[in-house]
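Student: Chains as they are written, first to last, in my numbering: chain L, 47 to 685; chain W, 730 to 1202; chain E, 11 to 511; chain F, 10 to 114.
For each residue, glycine too, the CB sits at the ideal point set by N, CA and C.
Let me begin by handing over the structure; questions about it come next.
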């Protein structure tokens, strides 16, 4: 048994770095704190690569399946005798794969931030928050039980709140961070309710006992029915609600576009590669339960994923802010992954969707991070977010231009690049199980190619706008990560995922189905072509097109007014019609009754003060009547 | 009938002797040092109080008309302590020039009321009881009208004498009914012959009305506020504490010894009157501005709480009543002491005048706060323990509803006690009462009261002593 | 001298020392020293307790001392402590210690302020160490009265009105409690002359059911009034808003815990059958106070009102969990009391410090304080995150234990109510973030708040002690939950033995 | 031996006297007349005692003693009351009971 106990250091080191930078950060020179942060990340990246290598290639497999290894585990909080929260490290194919993804992207973002954030006021605070985020994301991924995942789930939410609101002077950033936290918090509520229902029925939190296919959890899953669906389905739907919040799927997606208020490295790290895929990881981690005892929940996952990807792709085509375009493309790509999981079966070839989703997660992390960092370099050079104010940048930013082009080609699914392989697997999985979803995803593939190249052409080609001052290429610390990620997104396509990450751990044979590959490439080229025509050179076609579909364009541009709907609900409903009436009720009814008791006593005492009239004869009268009344009472009435 | 048996009446004899000595002493006293008579009579009375505590023989005298037992002696001693404190507090008032030549009459009248009360308490026959109660009431009426130069004092006097005359008339009417139906006036014989006929219940109720007048229980309490406000402050404190205490003691003895057969009726009577007393006493007290009237109504509501102890009719009830009256003496006299000191120094008696008292004389306001907290029944002062035992006694007989009403009434009472505390500590006042230093006797009286308030609570030995003595009526 | 009575003796000695002091400047030093000693004693007590438990001492109450007080009524001054009261004592000593430093700059009547503050602390310490109902009740009332003077004299705004309302409502609660206690006393043993006030002995006897049905509501509502049960919570917003900083710290942090602890130790432990039977009424009331308090906090404009309503919500959660009557939920209730005690004391302390600088508590008038007073703002954010249940801080530990525990209840009704209660974590997040966003983040709206002095040394001590303990419980909850859990065990056994539901 | 008037007549007479006294107390203006009505009440009680003693318990004389003492005490009470009334006349210059009410509420 290979000793993996050192893996506890992977999450622990960033936490210590956070404490160090958080408490003593302002004393160190900014440069030093930056290097400290990046050094720490570099160390754990190496550690995770070593772990991945040792796990996949040296550790032995039991009848062909990778083993789930608990590297270390201690009880953090004891609830009942059977229910207790442990903190520990669980190694299995998807968690090791996620380790590699998170540490790589985080390391790249750290290096990139050294350049991008130079001169910012809260430099060391930024790196402290980055380390906190890496710690919580790694903790989430390596969780041995569902409650530990919930703990780090909340921590990830808070660190994203802190990072989005990094420029706390800007009111828009403050509003965005508050919105992000509350929306994800609402989704986490669902996640918590799911955990409670799950733990009540299965009497355990541990993943291993929960997800063991032969285990008791899945066997009696179908048990007590409640309002039609089995209790396990209810808990899985609630748990998925948590995933929807974190991965910005349809109902809870509104916070991701606003999260672009944060610095661009943050968007690259959190809102492209790591945090947003936490939802996908959650569904993948609970996949045996979803697949075997809660198929209805799996369908929900599929349809939510599909709808989100279509919905986001349509909006992305109309956005002008480059970071918002990338944000919606992220939602769309994650919709892809959710769909892949939704249509997948369990075990062997049935689990093609599962493998495809993980594969796409891996590749998407690479090229989406590259796209965001590229966008960061563009904004850094031009100091504006809006495509309309850019054009013809290929002359000024050569390296960014080439890496950005590679990333666009990858996402569009052009063959030799990794995007093509992972998206093709998803389309194949979708094709085998659900034709409607396949059609939707096929259309989305086209749309993706279109809006990516619309972005590419209008930024790097289009009209030669003269810039107030000469846009300069980004410094070395920013371009190196771009290059590394570009290489990554090219190479990762060839990793044999079917041998590494599968639903039941066993290897299964899968070859490229030309029948699906060719149409997907064609639709990709079609998208690029249209974009080429409309945006390659200055042309009125886009405006004319926008005029013809006037309404739908306006609706799509305003994100189908989802933000206004949420604002209406929170401001009007919750604030005006619940909070204020409650405060009024408390002030004027509950409090008033208490005061009323006091005023009533005062009133009564005022009214009966006449008794004490000062007249001797009145006193005597009361005296005599009192005596007579008492005697009547006790002789006749009250024996 | 050797002379030794007369020692059973030692308390009464000593008091009569003291009264006569004071009377004669005034004749031989040289005129210019008239004020030292008060010092002389206080020392004399102090000696009597101490002698009172010595163990003395107990038993009936005069063929059962006069009975003395451990409990009754304890009651007399409690009254003596209270009277001693009132005497000490009245020294400053007596020093005033308009009272200079009638100091000895003041003491003579007070001691005679005490003699009346002692006879009342150790009565074995309704005649002794009647003589005692009249001897206790009439001199107080004279004392109430003691201040010849104030209208209010005269008004208080007339109101007191006429209402007490009426009440004694009503009581006698009741007693005549009891005599008519049982044919005897001895407590023991009445108890055995007493039945449940309506005439006898009428007699009991009329008798109870007379007693209720003295304890100022609600339907019969209307005289209290005016007399307390009108009469001089020391007489008010004497009335509110000693005369009320004595009346409660004798009512307790009579209810337990003479009317045990109709226990059901008198428990119901007490239930009704106690609820009325507490509630109406509190309702009137809320609105008072004059502190003497304020303390009058507070003493009315306190009478309501004391009735809770009576309702039990068990040993714990009697013990808690006696204990509560002891605590009540200390706290009420403490409060009245402060009122006396301030009204002697500045003549102000309204709560608003007390605003900002803490800034100028903190010690006085602390004493007042301690006294009020003890009246309200707040730990750690003795009032809390007193009230707790009263409620326990009532709860022991299952009167939980009455205890609940009583406990809710304590909240209303806490409200108006805190009004005074608020005036002293919180309200601002541009010309608060000037800081003054009261003379030795007032400070000595405060010392006793504060010691009483603080010590009787924690020192459980006091309550245990009372408990062992009680029910040996 | 047994160690437990020291907890009452030290404050009394501190008060006498203050009384004898001539120079008012040393008053706060003496009280700081006194309460520091108290904190040390609490630490020693925890250590002794844990080592005693470690050494295998399994009887329910440790360090038990029993002095006969009133022989006729069998009233004893009995002190004893188990895991739960040790936790509460350490909470109290922490909050009192922080409270003393938070009121360092009291100007008027310094001596009287510290005397009443420490008198209040004596009442609370006495309450937690005593196991005799009478002594418990005496300390309970002793703790309420100094509140009147503290709010009345040193408060702000409509201080007389809110001081009077607070005192009367709390004394009203203790009035109901008195009747309940008497009821328990007179049913505490079959034969009449063995009646006792001692909790341990009463717990060995089954109080007849009709008596329980009558006295359980009285006792529970009596304690509930202090624990901010729904209809009786209205004293809390006004009381806290006009109380000076240290007083609202002590009151919300510690005094409101008396209600929860009392409800648990007296009402439910001694009368489990009635508790189980009538629990559905109080479950509805407490769940209303949780949701109601949280929603009420959203619409408030004054910082102290927001925190007062949030205390109503959190204390409602405590009573809710106590009613669930199973091991986890009750342990969760105790942890919630401790964690909320620390958090709300921290909040009130910080609000007081902000008020000390900006002289306004209206959040609309202030904005962007993060840049101006970074230390206090960061502490405020940490307090906010702790109160909305961020893992790694004590709020999370308490709330999760309660939710998981409450969800183990066999009956469906209780589980559905638990789900409603769980939604309160979102509402809490809304009002906490609303305050943080308006108050701290964003540009500085008010020009004369440009340069305010940051935290002074005594403010730092007060804040750091509280944050340290909140983080300690949050990061390593194990020692606290086992300490409470082990002493919860015999209580649960007794409750289940009597009515296995 | 009890040839003469039956006891009921005495009792009725006493009750009538009692309630006339009470009526007088409640309605008369003059303090002195109020005092007289109090005397009336006390004498009605005397009649009661004497009637009971004479008719029901002739062998014991308790009733007689009691009424003797009542008469003595009534005298003392009247004396003190009149002294106070004189004092009121000196202060208020009137003995009309309605005007003697400086203290109220």
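1) Let me see if you follow: with CB-CB separation under 8 Å, is residue 31 (chain F) close to chain L or not?
2) Return the residues of the stretch 64-92 of chain F that lie within a Cβ-Cβ distance of less than 7 Å from chain W, sorted by chain order.
3) Give the residues of chain L in contact with residue 106 (chain F), contact being defined as C-beta atoms less than 9 Å apart.
4) Under the rule that 16 or more other beta-carbon atoms within 10 Å means buried, what is residue 395 (chain L), buried or exposed?
5) With burial defined as no fewer than 16 other Cβ atoms inside 10 Å of the residue's Cβ, what is the status of residue 109 (chain L): buried or exposed?
6) Under 8 Å between C-beta atoms, does residue 622 (chain L) make it to chain F?
7) Taking the C-alpha atoms as reference points, what is the distance between residue 969 (chain W) and residue 319 (chain E)?
8) Run through chain F and tell me which residues come within less than 7 Å of residue 666 (chain L), C-beta to C-beta.
9) Pull up the distance between the alpha-carbon of residue 231 (chain L) and that of residue 1121 (chain W), whole angstroms please.
10) Return the chain-ordered list of same chain residues with a C-beta closer than 7 Å to the C-beta of residue 300 (chain E), the five sequence neighbours on each side being excluded.
11) So, are the CB atoms of residue 424 (chain L) and residue 443 (chain L) less than 8 Å apart?
12) If the cut-off is 8 Å on Cβ atoms, which residues from the stretch 810-840 of chain W count as contacting chain F, listed in chain order?
13) Check the DSSP bridge columns for residue 86 (chain E) and list the partner residues they point to.
14) Would you list the residues sitting across from residue 105 (chain F) in a DSSP beta bridge?
15) Could you tell me whether the Cβ atoms of residue 925 (chain W) and residue 991 (chain W) are closer together than 8 Å?
16) Are the CB atoms of residue 487 (chain L) and residue 400 (chain L) within a distance shorter than 8 Å?
17) Rounded to whole angstroms, what is the Cα-Cα separation between residue 331 (chain L) and residue 186 (chain L)?
18) Listed in chain order, which residues of the stretch 206-230 of chain L have Cβ atoms closer than 8 Å to some Cβ of chain W?
19) Would DSSP call residue 67 (chain E) helix, strand or coil?
20) Runs of 3 residues minimum, wholly inside the stretch 562-628 of chain L: which ones carry the beta strand (DSSP E) assignment?
21) Report the neighbours of residue 955 (chain W) on chain L: residues whose CB is nearer than 9 Å to its CB, in chain order.
22) Could you round the C-beta distance between residue 503 (chain L) and residue 577 (chain L) to whole angstroms and report it? I think they count as a contact, below 8 Å.
23) Please determine, among W:1152, W:1076, W:1082, the residue with the shortest C-alpha to C-alpha distance to residue 1101 (chain W).
24) Spell out a yes or no on whether the stretch 517-528 of chain L and the stretch 595-607 of chain L are touching, meaning 3 or more CB-CB pairs, one atom from each, closer than 8 Å.
25) What does the alpha-carbon distance come out to for the pair residue 511 (chain E) and residue 284 (chain L)?
26) Confirm, please, whether the CB-CB distance from residue 491 (chain E) to residue 341 (chain E) is below 8 Å.
27) Tell me whether the beta-carbon of residue 957 (chain W) lies closer than 8 Å to the beta-carbon of residue 891 (chain W).
28) Taking just the CA atoms, how far does residue 422 (chain L) sit from residue 54 (chain E)?
29) Using the three-state DSSP reduction, which class does residue 518 (chain L) fall into: helix, strand or coil?
30) Listing by chain order, which chain F residues have their CB less than 8 Å from the CB of residue 655 (chain L)?
31) Evaluate residue 304 (chain L) with the Cβ neighbour count: other Cβ atoms within 10 Å of its Cβ, from every protein chain shown; 16 or more gives buried, anything less gives exposed.
32) I want to know whether the stretch 930-945 of chain W touches the stretch 886-905 of chain W - three or more CB-CB distances under 8 Å.
33) Can you check whether the C-beta of residue 465 (chain E) is within less than 8 Å of a C-beta belonging to chain L?
34) Taking 7 Å as the cut-off, is the CB of residue 73 (chain L) close to at least one heavy atom of the ligand FMN?
35) Between E:457, E:418, E:505, E:461, which lies nearest to residue 128 (chain L) when the distance is taken from Cα to Cα?
36) In terms of alpha-carbon separation, which member of L:677, L:678, L:647, L:684 lies closest to residue 1016 (chain W)?
Tutor: Working from what's here:
1) Within the fourth chain, the letter at position 22 stands for residue 31 (chain F). By this cut-off, residue 31 (chain F) is an interface position.
2) 65, 66, 71, 72, 74, 75, 78, 79, 82, 85, 86, 89, 90
3) Locating residue 106 (chain F) in the fourth chain gives position 97, counting from the first residue. Ordered by position in chain L, the residues that pass the 9 Å Cβ test against residue 106 (chain F) are 661, 662, 663.
4) Counting from one through the first chain, the residue named residue 395 (chain L) turns up at place 349. Exposed, since its Cβ has fewer than 16 Cβ neighbours within 10 Å.
5) Looking up residue 109 (chain L) in the first chain gives position 63. Counting Cβ neighbours within 10 Å, residue 109 (chain L) comes out exposed, since fewer than 16 surround it.
6) Mapped onto the first chain, residue 622 (chain L) falls at position 576. It does not: the Cβ of residue 622 (chain L) has no partner Cβ on chain F nearer than 8 Å.
7) Residue 969 (chain W) sits at position 240 when you count from the first residue of the second chain. Residue 319 (chain E) sits at position 309 when you count from the first residue of the third chain. About 46 Å.
8) Counting from 1 along the first chain, the entry for residue 666 (chain L) is found at position 620. 34, 35, listed in chain order.
9) The residue you call residue 231 (chain L) lines up with position 185 of the first chain. The residue you call residue 1121 (chain W) lines up with position 392 of the second chain. If I take the Cα positions, the gap works out to 53 Å.
10) Reading the third chain from its first residue, position 290 is the one you call residue 300 (chain E). These residues qualify, in order along the chain: 323, 326, 327, 330, 431, 434.
11) Taking the first residue of the first chain as position 1, residue 424 (chain L) is located at position 378. Taking the first residue of the first chain as position 1, residue 443 (chain L) is located at position 397. Yes, Cβ-Cβ distance for residue 424 (chain L) and residue 443 (chain L) is below 8 Å.
12) none
13) Counting from one through the third chain, the residue named residue 86 (chain E) turns up at place 76. Per DSSP, E:78.
14) Residue numbering aside, residue 105 (chain F) sits at position 96 when the fourth chain is read from its first letter. BP columns for residue 105 (chain F) point to F:39.
15) On the second chain, residue 925 (chain W) is found 196 positions in, with the first residue counted as 1. On the second chain, residue 991 (chain W) is found 262 positions in, with the first residue counted as 1. Cβ atoms of residue 925 (chain W) and residue 991 (chain W): closer than 8 Å.
16) Within the first chain, residue 400 (chain L) is the residue found at index 354, counting from 1. Within the first chain, residue 487 (chain L) is the residue found at index 441, counting from 1. Against a cut-off of 8 Å, the Cβ pair of residue 487 (chain L) and residue 400 (chain L) comes out as no contact.
17) The residue labelled residue 331 (chain L) in the question sits at position 285 within the first chain. The residue labelled residue 186 (chain L) in the question sits at position 140 within the first chain. Distance between the alpha carbons of residue 331 (chain L) and residue 186 (chain L): 11 Å.
18) none
19) Counted from its first residue, the third chain places residue 67 (chain E) at position 57. Three-state result, residue 67 (chain E): coil.
20) none
21) Working through the second chain from its first residue, we reach residue 955 (chain W) at position 226. Result: 658, 660, 662, 665.
22) What you label residue 503 (chain L) is simply residue 457 of the first chain in a count that begins at 1. What you label residue 577 (chain L) is simply residue 531 of the first chain in a count that begins at 1. About 6 Å separates the two Cβ atoms, so the contact holds.
23) The sequence position of residue 1101 (chain W) within the second chain is 372, counting from 1. Ranking W:1152, W:1076, W:1082 by Cα distance to residue 1101 (chain W) puts W:1152 first.
24) no
25) Along the third chain, one-based indexing puts residue 511 (chain E) at 501. Along the first chain, one-based indexing puts residue 284 (chain L) at 238. The predicted position of residue 511 (chain E) is uncertain, since its pLDDT is 49 and thus under 50; a value taken from the coordinates is nonetheless stated next. Computed Cα separation, rounded: 29 Å.
26) In the third chain, counting from the first residue as 1, residue 341 (chain E) sits at position 331. In the third chain, counting from the first residue as 1, residue 491 (chain E) sits at position 481. Contact: yes.
27) Here the question's residue 957 (chain W) lines up with position 228 in the second chain. Here the question's residue 891 (chain W) lines up with position 162 in the second chain. No.
28) The residue given as residue 54 (chain E) occupies position 44 in the third chain. The residue given as residue 422 (chain L) occupies position 376 in the first chain. The alpha-carbon atoms of residue 54 (chain E) and residue 422 (chain L) are separated by roughly 57 Å.
29) In the first chain, the residue the question calls residue 518 (chain L) occupies position 472. Residue 518 (chain L): coil per DSSP, three-state reduction.
30) Along the first chain, one-based indexing puts residue 655 (chain L) at 609. Ordered by position in chain F, the residues that pass the 8 Å Cβ test against residue 655 (chain L) are 114.
31) By 1-based counting over the first chain, the position of residue 304 (chain L) is 258. With 16 or more Cβ atoms within 10 Å of its Cβ, residue 304 (chain L) is classed as buried.
32) yes
33) To locate residue 465 (chain E), count along the third chain from 1; it is residue 455. No, residue 465 (chain E) does not count as interfacial toward chain L.
34) Of ligands this structure carries none, so the ligand FMN is not represented either.
35) In the first chain, residue 128 (chain L) corresponds to position 82, counting from 1. Of the candidates E:457, E:418, E:505, E:461, the one whose C-alpha sits nearest the C-alpha of residue 128 (chain L) is E:418.
36) Working through the second chain from its first residue, we reach residue 1016 (chain W) at position 287. It is L:647 whose Cα lies nearest to the Cα of residue 1016 (chain W).
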